[in-house]
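When you number the sequence shown by full-length UniProt numbering, it's gap-free, plus one each residue, and the end is 523. Read through the structure below, which is laid out as structure tokens, and then see the notes.
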Amino acid sequence: MSARCARCGAPAEQRCAGCSVPFYCGRQCQRADWKQHRPLCQPLTVRQAAGVGRYTVAGRALTAGQLLLRELPLAAGPQLEAEPQCLGCGGLLAASAASCARCRWPVCGDRCADSAAHAAECPVLARDTGDRPAAGTEPCARYDCILPLRVLLLRDQPRLWQKVEQLESHLEQRRDTAIFRDNQRHVVDYLRGRCGVQADEQLLHRICGVLDVNAFSVRPRPGAGRRRGLFARASLLNHACVSNTQLSLDGDTMLVRAAVPIAAGDEVTASYVSAMEPTARRQNFLWHGKYFRCQCRRCVDPTELGTHYGSHRCSECGGMMESQQPTDAAAPWRCSGCRRAEPADQVRQLNARLLAERQAIPETAVPALEAFLARHAASPLHDANYHVLAVKQALAQAYGNVSGFQLDELSEGRLVAKEAFCRQLIGLAQTFEPGLCRLRGLLLLQLHHAQVTRAQRRHAAGAPPRQLLAALEAAGQHVEEAVSVLGHEPASTPEGGAMLQLARDTLQGCYELAELVRTSLAR
Numbered sequence: 001m002s003a004r005c006a007r008c009g010a011p012a013e014q015r016c017a018g019c020s021v022p023f024y025c026g027r028q029c030q031r032a033d034w035k036q037h038r039p040l041c042q043p044l045t046v047r048q049a050a051g052v053g054r055y056t057v058a059g060r061a062l063t064a065g066q067l068l069l070r071e072l073p074l075a076a077g078p079q080l081e082a083e084p085q086c087l088g089c090g091g092l093l094a095a096s097a098a099s100c101a102r103c104r105w106p107v108c109g110d111r112c113a114d115s116a117a118h119a120a121e122c123p124v125l126a127r128d129t130g131d132r133p134a135a136g137t138e139p140c141a142r143y144d145c146i147l148p149l150r151v152l153l154l155r156d157q158p159r160l161w162q163k164v165e166q167l168e169s170h171l172e173q174r175r176d177t178a179i180f181r182d183n184q185r186h187v188v189d190y191l192r193g194r195c196g197v198q199a200d201e202q203l204l205h206r207i208c209g210v211l212d213v214n215a216f217s218v219r220p221r222p223g224a225g226r227r228r229g230l231f232a233r234a235s236l237l238n239h240a241c242v243s244n245t246q247l248s249l250d251g252d253t254m255l256v257r258a259a260v261p262i263a264a265g266d267e268v269t270a271s272y273v274s275a276m277e278p279t280a281r282r283q284n285f286l287w288h289g290k291y292f293r294c295q296c297r298r299c300v301d302p303t304e305l306g307t308h309y310g311s312h313r314c315s316e317c318g319g320m321m322e323s324q325q326p327t328d329a330a331a332p333w334r335c336s337g338c339r340r341a342e343p344a345d346q347v348r349q350l351n352a353r354l355l356a357e358r359q360a361i362p363e364t365a366v367p368a369l370e371a372f373l374a375r376h377a378a379s380p381l382h383d384a385n386y387h388v389l390a391v392k393q394a395l396a397q398a399y400g401n402v403s404g405f406q407l408d409e410l411s412e413g414r415l416v417a418k419e420a421f422c423r424q425l426i427g428l429a430q431t432f433e434p435g436l437c438r439l440r441g442l443l444l445l446q447l448h449h450a451q452v453t454r455a456q457r458r459h460a461a462g463a464p465p466r467q468l469l470a471a472l473e474a475a476g477q478h479v480e481e482a483v484s485v486l487g488h489e490p491a492s493t494p495e496g497g498a499m500l501q502l503a504r505d506t507l508q509g510c511y512e513l514a515e516l517v518r519t520s521l522a523r
């Protein structure tokens, strides 16, 4: 879908140079719109402080849902050890894929071989006289060099290269690590040796570090391979496990929205890791991938903001086992009741075993998921432990959406469970991702399905129409909120496309059914 001019509605390609948010069909419309747009332009301000470096604050009061940033990547390309993919469009490749006539790397066809995305790297890759990676579905480390090469080639564009040079690489911390050695083999040695790239080893390693520290995963479109992109402005959002923005990707374009109201001068943050991971796993990812230890209010709280999300029960008294120093992976765990201690290694082994157990269960295997909950209903897990909640989330989605467990096939017990799981997870999402949260939007839709199905069954069993109407009105409010949340998602994503349309259709059906009940009551 083409963009429309913010002033006249005509097709437009030109964006405001200040904030990159509104489109204009030309300079005349942009000038005419400036008086209205000026108060909204540049919602973000970059500052710098000793010991912190650059960070981003709100340039004025920001409202929840407000678009703060729309940004194309400096460069985008395959993830580390990604599946073989077209170097033009990023699409996954069939075994019979074509090859670029010049560099002989796999592509979809001539159009992709001649694309702008592949143009600069093609003559460099063509210098390699050896074998090329074969098309297929297995991860291939040969693709690790592509994005670093694309970043290196930005040296020919000084304005963009300057932005790359300003980004942190944590190069010294990466030395003597497994990722450093992999980069040496798959990126540095390959590009300098087989491709004859004129760049010293330190520069190539620094580029690899810049990518690992700053790049964001780019959500693949259907039929595309896993990719990541380097976004100069989005990378200046510091991390917080409970952040105040929501990040979305529309193709390769990064969209940053305020998730909650943000006061002028407050820092604007993003989460680099899933909020649905417990502290130990978030800390591990941030330390080994981003080279810092988060000290946010959730990370330093042994209870994870009162949720006990990462805690487990004491085998002696049933109290909560909590880390004595959540930001230290080696710190012992201690019971909040009897004060019994457990070494960190023992807790890691317990969680690794439970993670492997639940990851072996397909998310649509309802009986196996239910069996997991039954097995772990008692110590060491508890009702709000992250392993338990991950299975509850899978069941909340599976109930009503899996063959053999459609809404009209569910027992009352499973419908009650679906509703309870949704409510518990919505509360958790509100704690960990307050405000605009796509997970909460999806859960609200599932909660509606459970509520309405139960109300219809009660009505069929003789409950008065007013009870049905009350249930429909309550459920309708949940879907209205789901539509509001999902409406901020790009139409190219499942949430902003099919799921948003489903939510709108569901809301319309709820309105119509409620109106029928009101009409019957008025007779």
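Glycine residues also receive a C-beta, built at the ideal position from the N, C-alpha and C atoms.
Which stretch, first to last residue, makes up the beta strand (DSSP E) that contains glycine 77?
75-78
Nearest residue (CA-CA) to threonine 63, options Arg523, Ala259, Ala461, Gln283:
Ala259
Tell me the rounded alpha-carbon separation between glycine 337 and glycine 318.
8 Å
Thinking just about the alpha-carbon of each residue, which of Ala341, Gly306, Glu316 is nearest to the one in serine 323?
Ala341
Could you tell me which residues DSSP pairs with alanine 377 in its beta bridges?
Bridge partners of alanine 377: none, in fact.
Pull up the distance between the alpha-carbon of arginine 233 and that of methionine 254, whole angstroms please.
10 Å
Let me know the secondary structure DSSP gives leucine 502 once reduced to three states.
helix
Whole-angstrom distance between glutamine 393 and glutamine 85, CA atom to CA atom
32 Å
Thinking just about the alpha-carbon of each residue, which of Leu93, Ser96, Asp114 is nearest to the one in arginine 102?
Asp114
So what's histidine 312 in DSSP terms, helix, strand or just coil?
strand
Per DSSP, what are the beta-bridge partners of arginine 70 in this structure?
Leu255
C-alpha distance - leucine 439 paired with valine 273, whole-angstrom precision
14 Å
Inter-stretch contact (C-beta, 8 Å, three-pair minimum) for the segment 301-312 and the segment 263-270
no
Have a look at alanine 178 and arginine 227 and give me their C-alpha separation to the nearest angstrom.
21 Å
Report all residues from its chain with a CB closer than 8 Å to the CB of leucine 381; omit the five preceding and five following residues, and keep chain order.
His312, Arg313, Leu354, His387, Val388
Would you kindly work out how many angstroms separate the C-alpha atoms of residue 549 and arginine 219, rounded to a whole number?
This structure leaves residue 549 out entirely; the chain is present only between 1 and 523.
Which two residues bound the contiguous alpha helix (DSSP H) that contains glutamine 202?
201-214
Within the chosen definition, does the segment 159-171 reach the segment 90-107 through at least 3 CB pairs nearer than 8 Å?
no
Which class does tryptophan 34 belong to by DSSP, given the choice of helix, strand or coil?
helix
What are the start and end residues of the alpha helix (DSSP H) that includes alanine 117?
116-119
Could you compute how far the alpha carbon of proline 73 sits from the alpha carbon of leucine 230?
5 Å
Glycine 196: buried (16+ other C-beta within 10 angstroms of its C-beta) or exposed?
exposed
Following the continuous beta strand (DSSP E) through aspartate 110, name the residue where it begins and the one where it ends.
Segment 110-113 is the alpha helix (DSSP H) holding aspartate 110; no beta strand (DSSP E) there.
Roughly how many angstroms separate the alpha carbons of cysteine 19 and serine 484, rounded to a whole number?
24 Å
Can you tell me whether DSSP reads asparagine 244 as helix, strand or coil?
coil
Glutamine 349, DSSP secondary structure in three states:
helix
Between the C-alpha atoms of proline 139 and glycine 193, what's the straight-line distance to the nearest angstrom?
23 Å
How many whole angstroms separate the CB atoms of proline 278 and tyrosine 309, which I take to be in contact at a CB cut-off of 8 Å?
5 Å
Provide the residue(s) that pair with isoleucine 262 in DSSP beta bridges, ordered along the chain.
Leu62
Inter-residue spacing [alpha-carbon to alpha-carbon] between alanine 482 and proline 43:
26 Å
Looking only at C-alpha atoms, which of Asp176, Ala471, His478 sits nearest to alanine 514?
Ala471
Give me the Cα-Cα distance between arginine 377 and aspartate 383, rounded to the nearest whole angstrom.
The displayed chain sequence assigns alanine, not arginine, to residue 377. Approximately 7 Å between the Cα atoms of the pair.
With 16 as the cutoff for other CB atoms within 10 Å, does proline 78 come out buried or exposed?
buried
Boundaries (first-last residue) of the beta strand (DSSP E) holding cysteine 335:
333-335
According to DSSP, aspartate 301 sits in a beta bridge with which residue or residues?
In the DSSP output, where bridge partners are listed per residue, aspartate 301 has none listed.
Buried or exposed: alanine 503, going by 16 or more other Cβ atoms within 10 Å of its Cβ?
buried
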